[in-house]
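Below: one structure, written as C-alpha cells.
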Amino acid sequence: MADRRGVSLAHRRGRHRGRGGLPPAFHAALGVVSRRRDTAVRILLLSAITAAFLVPLLWTGLASLGVLPDNNSRPPSWTGPPTLQHFSEIGGAEPAFWQELATSTTSALGAALITVTVSFLAAFGLARARLPGDRSLTQVFLVLASLPAMAYVLPLSDLIRRLHLLDSFATIVLAEAAVTAPLAVFVLHGAIVQLPTEWEEAAVLDGAGLLRVLARVVLPLIAPSVAATAIVVFVLDWNMLLVPLVLTSGEVKTVPVAMSDFFTFERELEWPTAAAALMVSLVPLAVLVALFHRVLERFTLQAPAGGDIG
C-alpha cells in the first residue's frame, strides 16, 4: 500500500512538471519573455527604417525654414531663427515653379489613369486568352518593368518625334504611361489569374457583355490590387526625371526637372530655397497618395461583394 501511495504521489508530481523537469509556469514565463523580446526587436527595426526615411525629410524641412546647424562655429550652433521667407523666394528662383507643379500633378494623374486602364484590359486578356507561352509572356512584362528608364528614352523619342508631339504635355503623359505600363500589367495579371472563372461565366449566361463583366464582376474583385497599382504608378510617374527631361526642351517641365535646375553649374545653389520648393512639391503628392489610400481601404472592405452583378 505504501509503495502504491509513493508511486501515485510521484506520478502527480510528474504531471505538474514540463520538459526538463521544470514546471509549466516556468515555460509560460519563458514564452512571455521570448514574445516581448521579439516585439522589442520588431519595434527597434521599424524605428530604424522609419528614421532612415524621416531624417532626410526632417533635414529638408529645417533647411526650408532656414534652420540648419552651422558646423563651422565652435561650439556648433544653429544658423538662425525659423523663417518662412524662403517659401516666398521660390517664384524668384524658379519663375514657372507653380505651373510646373500643376503640370506634374495633372500629368502624373493622367498617366496613372491611362496606365491602369490599359493595363487592366491587357492583363485580363492575357489571363483569359490562354495563349501558348502566356507564362513566358508574363515574364517578359516583368523584364520590361525592370529595365532602366534610359532603355525607353531612345525609342520613345523617335516615336514621339514622328507623331509631332515633342515638347508637349501629351508627350509627358504618354511617355510616363508607357514606362510604367509593364509593371502594372504584371501586377494586375497576377491578381486576375487568381480569380475563379465561374462568376464570369455565370454573368455571361445571364446576358452580360464583356464590358459589363469587366466592370461589375472582375473590377470589384480586384479593386484593392487596382488601387494599390494606381498608387505605385502615380508615385513613379511623379518622381520620373529622365524621360521628361529628355523628351521636352524646357517649355513644358515637371517638378523633378525643375528641381534639377537648382543643382546646375550656371546658377548659385541656394539650399533653403531649393528645400522650400521641395517641401511644397511634396504637398500634392502626399494629399493624392492619402486619397488613394482611402480609396484602397474602401475597396478592400467592399471587395467581398464584388460578385454581385445585379
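For reference, each letter of the sequence shown is one residue, going 528 to 837 in the working numbering.
Idealized CB from N, CA, C, for every residue including glycine.
As the structure is a computational prediction, the values presented were derived from the model and not from experiment.
Supposed contact pair F819 and A754 - C-beta distance, whole angstroms, cut 8 Å: For this step, residue 754 is matched to residue 227 along the sequence shown. For this step, residue 819 is matched to residue 292 along the sequence shown. Yes, they are in contact, since the Cβ atoms of A754 and F819 sit about 6 Å apart, within 8 Å.
Reduced DSSP secondary structure (H/G/I, E/B, other) of G736: Here residue 736 refers to the residue found at position 209 of the sequence shown. If DSSP states are grouped into helix, strand and coil, G736 belongs with coil.
Cβ distance (whole Å) where E727 is taken to contact V744 below 8 Å: Numbered from 1 along the sequence shown, position 200 holds the residue referred to as residue 727. Numbered from 1 along the sequence shown, position 217 holds the residue referred to as residue 744. 6 Å between Cβ atoms; contact.
Proximity winner among L585, E824, L572, relative to M806 (alpha-carbon distances): Within the sequence shown, residue 806 is the residue found at index 279, counting from 1. Closest by alpha carbon: L585.
Reduced DSSP secondary structure (H/G/I, E/B, other) of T841: The displayed coordinates of the chain run from 528 to 837. Any statement about residue 841 would go beyond what the structure contains.
Terminal residues of the alpha helix (DSSP H) in which F696 lies: Along the sequence shown, one-based indexing puts residue 696 at 169. That run of the alpha helix (DSSP H) goes 696-720.
The segment 683-692 / the segment 647-664 touching (three or more Cβ pairs under 8 Å): no
DSSP three-state assignment for V594, whether helix, strand or coil: Within the sequence shown, numbered from 1, the residue matching residue 594 stands at position 67. Correct three-state label for V594: coil.
Inter-residue Cα distance where the pair is I687 and L772: Residue 687 sits at position 160 when you count from the first residue of the sequence shown. Residue 772 sits at position 245 when you count from the first residue of the sequence shown. I687 and L772: Cα-Cα distance of roughly 14 Å.
Cutoff 8 Å; reference T587; Cβ partners in own chain excluding five residues on either side: For the purposes of this step, residue 587 is taken as the residue at position 60 of the sequence shown. The answer, listed in chain order, is A802, L805, M806.
Cβ pair count under 8 Å reaching 3, the segment 768-788 against the segment 729-747: Of all C-beta pairs linking the segment 768-788 to the segment 729-747, fewer than three are shorter than 8 Å, placing the two stretches out of contact.
Spatial neighbours of T610 in its chain, beta-carbon cut-off 8 Å, leaving aside the 5 residues before and after: Position 83 of the sequence shown, counted from the first residue, corresponds to residue 610. For T610, where only same-chain residues beyond five positions count, the Cβ hits under 8 Å are L592, G593.
CB-CB length for E627 against T800, believed under 8 Å: Working through the sequence shown from its first residue, we reach residue 627 at position 100. Working through the sequence shown from its first residue, we reach residue 800 at position 273. Their Cβ separation, rounded to whole angstroms, is 15 Å, which puts E627 and T800 out of contact at 8 Å.
Contacting residues, own chain, Cβ-Cβ under 8 Å from I758 (five flanking each side not counted): Translated into positions along the sequence shown, residue 758 becomes position 231. Around I758: V816, F819, H820, L823.
Beta-carbon proximity list for L674, same chain, < 6 Å, skipping 5 on both sides: Counting from one through the sequence shown, the residue named residue 674 turns up at place 147. So the list is empty, once near-sequence residues are dropped.
For L611, three-class secondary structure by DSSP: Start at 1 with the first residue of the sequence shown, and residue 611 comes out as number 84. Reduced to three states, the DSSP call for L611 is coil.
Nearest-angstrom Cα separation, counted from L636 out to A678: As a first step, residue 678 must be located in the sequence shown, where it is residue number 151. As a first step, residue 636 must be located in the sequence shown, where it is residue number 109. Approximately 23 Å between the Cα atoms of the pair.
For T724, three-class secondary structure by DSSP: Taking the first residue of the sequence shown as 1, we reach residue 724 at position 197. In this structure, T724 counts as coil in the three-state DSSP scheme.
CB contact flag (D764, A638, <9 Å): By one-based count along the sequence shown, residue 764 stands at place 237. By one-based count along the sequence shown, residue 638 stands at place 111. In contact: D764 and A638 (Cβ atoms closer than 9 Å).
L748 - DSSP class collapsed to helix/strand/coil: Position 221 of the sequence shown holds residue 748. In this structure, L748 counts as helix in the three-state DSSP scheme.
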